[in-house]
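Data block below; observations after.
2 protein chains.
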Amino acid sequence: MQIQNIIEKTNISLTSARRELLEILIEENKPISYEDIKDKLSMDKATFYRNISKFQEIDIVNCFESNDKKRYYEVQNTPHSHFICNKCNSIECLKDIQYEKLEGYKIIDIIYKGICKNCMSS
Amino acid sequence: MQIQNIIEKTNISLTSARRELLEILIEENKPISYEDIKDKLSMDKATFYRNISKFQEIDIVNCFESNDKKRYYEVQNTPHSHFICNKCNSIECLKDIQYEKLEGYKIIDIIYKGICKNCMSS
DNA sequence: CTCTATGCAAAAACTTTGCAGGGAT
DNA sequence: ATCCCTGCAAAGTTTTTGCATAGAG
């Protein structure tokens, strides 16, 4: 997903802070916390939180909490699931597995919690 | 699941605070936040948080964050999935749908995020 | 020019920790 | 007697808000 597409499908104004944040989210291409990227950001944390909220409102960013009790954010790009391991706390993107359907519901994100492959076999 | 079973399968000491907390969790039978139950609790919040952490450590309680940005806790009872609606913020237990499998992983909880049936049809 | 976005600082919300007293074994 | 649990108060962490200024359209 390109920034251009994002902007076209919504009507938020693309300030330089928002562009920067989107670029980082797109480049990372995996769920990231504020702490993960704060050093890369030139904006204030208030601006980060205000904009990441806005992105969630207009449905271009998803958010979930991981086991480290931090919130992770990700651009709504190719739909895929996430696996959070209760043992090693890793977050894994399951891009190859088929996206499930639930009759009558619209699924935007799936978060599995449990024990990951690595931890299971060790 | 009865308290007796829980205690038998672990070896934590069953204090009256823990018994109270477990009873409430079992009775509610759905994910609840600290705020939801604080008025019912006779223990201090520190004790609540310490015990709910302990319950998670010994794998008798699951936790996830909902869209209201609060953590919800639930006894690991019959395995089932959860649907969190991005629109109405409701949490729904999907008890009737089949629990998925992921080769090599152990799944303890599944959280779907999206738009629920109600919101889709209105 | 008007309306929205930003930075800074302060506040809020939620959770954790230190410590001294209590309870259980 | 020892070890774990609890309440209370204080501290910690993360996120949000108020306000004055800056920037976009």
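Chains as they are written, first to last, in our numbering: chain A, 2 to 123; chain B, 2 to 123. Using N, Cα and C, we set each Cβ at its ideal position, and we do this for glycine too.
Hey, how far is the Cα of residue i from the Cα of residue j?
| i | j | result |
| --- | --- | --- |
| E29 of chain A | T16 of chain B | 46 Å |
| I92 of chain B | N119 of chain B | 12 Å |
| C86 of chain B | M121 of chain B | 10 Å |
| I13 of chain B | C117 of chain B | 38 Å |
| Y73 of chain A | E21 of chain B | 33 Å |
| D60 of chain A | K10 of chain B | 43 Å |
| F49 of chain A | E58 of chain B | 33 Å |
| N78 of chain B | R51 of chain B | 21 Å |
| Q3 of chain B | Y100 of chain A | 35 Å |
| K55 of chain A | A47 of chain A | 12 Å |
| N6 of chain B | N6 of chain A | 54 Å |
With a Cβ-Cβ cutoff of 7 Å, do residue i and residue j count as a contact?
| i | j | result |
| --- | --- | --- |
| G105 of chain B | I108 of chain A | no |
| I53 of chain B | H83 of chain B | no |
| D110 of chain B | N90 of chain B | no |
| V62 of chain B | I27 of chain B | no |
| K102 of chain A | H81 of chain A | no |
| E66 of chain A | E66 of chain B | yes |
Which partner residues does residue i have in the DSSP bridge list?
| i | result |
| --- | --- |
| R72 of chain B | B:E66 |
| L95 of chain A | A:S82 |
| I111 of chain A | A:S82 and B:Y113 |
| I38 of chain B | Partner(s): none; I38 of chain B has no beta bridge. |
| I33 of chain A | A:Y74 |
Please name the residue in the options whose C-alpha comes closest to that of residue i.
| i | options | result |
| --- | --- | --- |
| K31 of chain B | B:E21, B:D60, B:L42 and B:C94 | B:C94 |
| R19 of chain B | B:D45, B:E36 and B:C86 | B:D45 |
| K71 of chain A | A:T11, A:L22 and A:I38 | A:I38 |
| I25 of chain B | B:S14, B:S123, B:T11 and B:S43 | B:S43 |
| K41 of chain A | A:N6, A:Y100, A:N78 and A:L23 | A:L23 |
| K88 of chain A | A:S123, A:N6 and A:I33 | A:S123 |
| C34 of chain A | A:N78, A:N6, A:T79 and A:C64 | Per the sequence presented here, residue 34 of chain A reads as Ser, with Cys not at that position. The residue with the shortest Cα to Cα distance from S34 of chain A is A:C64. |
Span of the alpha helix (DSSP H) holding residue i?
| i | result |
| --- | --- |
| T48 of chain A | K46 to E58 |
| K102 of chain B | No alpha helix (DSSP H) holds K102 of chain B; DSSP gives it neither H nor E. |
| N119 of chain A | K118 to M121 |
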